[in-house]
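Just below is one structure, and these are the notes that go with it.
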Amino acid sequence: MVPVSYYLAISGILFTLGAMGVLIRRNALVIFMSVELMLNAGNLAFVAFARMYNTFSGQLFVFFVMTVAAAEVAVGLALIVAIFRTKNSINVDQMSSLKG
Amino acid sequence: MNLDLIVFLVLALTSVASAIGMLLSRSAIYAALYLVMNFMTVAIFYLLLGAPFIALSQVTVYAGAIMVLFLFVVMLLGTEALAPTSVLPYQRNAALVLGALLVVEIGYWIWRGAMTGLIPLPSSELNSMTSVQAMSKMLFSQYLLPFEVTSVLLLVAMIGAIVLTIKQKGERG
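The following block contains the structure:
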């Protein structure tokens, strides 16, 4: 069997790449995808720990994280579409005013 | 070197490479497709970890539903190549440094955990198909309240998405 720390290492690397994506990219959609990548890395760690302790709680948490991520994507993409309608751009550097 | 480790290493390489590809690709469509590939490899990780239900919901919910929504919005907006802006010119270098720090920190704690005997993965009964049955029993008894709250959350998200994107009277575009 592969040791659980390997899975945790992969999870950490994916989380870091997602965080760097949020910091580097200026496209709001790609930033959003990077957030999804970070959520996925967290899920992977959850499942790895669930396997280590032989319990289902971790897997059920992943289930809940997935539903929250789905809700988040629906609302977030709606926000991006609304921002694009008013500003004609989804570059986060240009979203600097609170009022349209 | 046994077969499990080889499969794991190939998958790990694929997932990290696709994540880097997502980070570096200029077009949002390519980024989304790289992310689908990453989700698929993570789904196979779940299978290796004995979580078939989670693996299948990963494929249907993430790679199926969420990424299709992403691709739909990318094509709807049609803002493929953004002009590079330099509001904070030092941001990229700062992000690289901070990312390196984060990976060192995570690596250190995982290494410490591995040193203190985190390693063994017991072969378990989780690996059988009855795990779905046992999981659903737990979901509908111990975790019943979060499950119901989730349904309310999904309803709120649905209504919120409709309200946010609906066109007001007299609004242009």
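Sequences listed follow chains A and B, in order. The opening position of the first sequence corresponds to residue 1 in the numbering used here, with each subsequent residue numbered one higher. The opening position of the second sequence corresponds to residue 1001 in the numbering used here, with each subsequent residue numbered one higher. Quick reminder that beta carbons are idealized off the backbone N, C-alpha and C, glycines included.
6 Å CB neighbourhood of residue i in its chain, flanking five on each side removed
i: residue 18(A); result: 34, 37, 38
Test: residue i CB closer than 9 Å to a CB of chain B
i: residue 2(A); result: yes
i: residue 12(A); result: yes
i: residue 97(A); result: no
Neighbour list for residue i in chain D, Cβ cutoff strictly below 7 Å
i: residue 47(A); result: Looking for chain D here will not work: the only protein chains present are A and B.
Neighbour-count burial assignment, residue i, 16 or more Cβ in a 10 Å radius
i: residue 59(A); result: buried
i: residue 1026(B); result: exposed
i: residue 1112(B); result: exposed
i: residue 993(B); result: In this structure chain B extends from 1001 to 1173, so residue 993(B) is not present and cannot be described.
i: residue 1043(B); result: buried
i: residue 1152(B); result: exposed
Own chain residues within Cβ distance below 8 Å of residue i, not counting five before or after
i: residue 90(A); result: 27, 28, 29, 80, 83, 84
i: residue 65(A); result: 39, 42, 43, 46
Integer-rounded CB distance, given that residue j should sit under 8 Å from residue i
i: residue 21(A); j: residue 31(A); result: 7 Å
i: residue 74(A); j: residue 1161(B); result: 4 Å
i: residue 62(A); j: residue 1110(B); result: Incorrect: roughly 19 Å between the Cβ atoms, too far for contact.
i: residue 1045(B); j: residue 1062(B); result: Incorrect: roughly 13 Å between the Cβ atoms, too far for contact.
i: residue 976(B); j: residue 2(A); result: What the structure shows of chain B is the stretch from 1001 to 1173, and residue 976(B) is not part of that stretch, so it cannot be assessed.
Chain A contact for residue i (CB, 9 Å cutoff)
i: residue 1062(B); result: yes
i: residue 1158(B); result: yes
i: residue 1059(B); result: no
i: residue 1131(B); result: yes
i: residue 1090(B); result: no
i: residue 1042(B); result: yes
i: residue 1069(B); result: yes
Cβ-based neighbour list, residue i, same chain, cut-off 7 Å, excluding 5 preceding and 5 following
i: residue 1167(B); result: none
i: residue 1139(B); result: 1147
Contacting positions in the stretch 25–55 of chain A - beta carbon closer than 8 Å to chain B:
Per Cβ criterion, the list reads 25, 26, 27, 29, 30, 32, 33, 34, 36, 37, 40, 43, 44, 47, 48, 50, 51, 52, 54.
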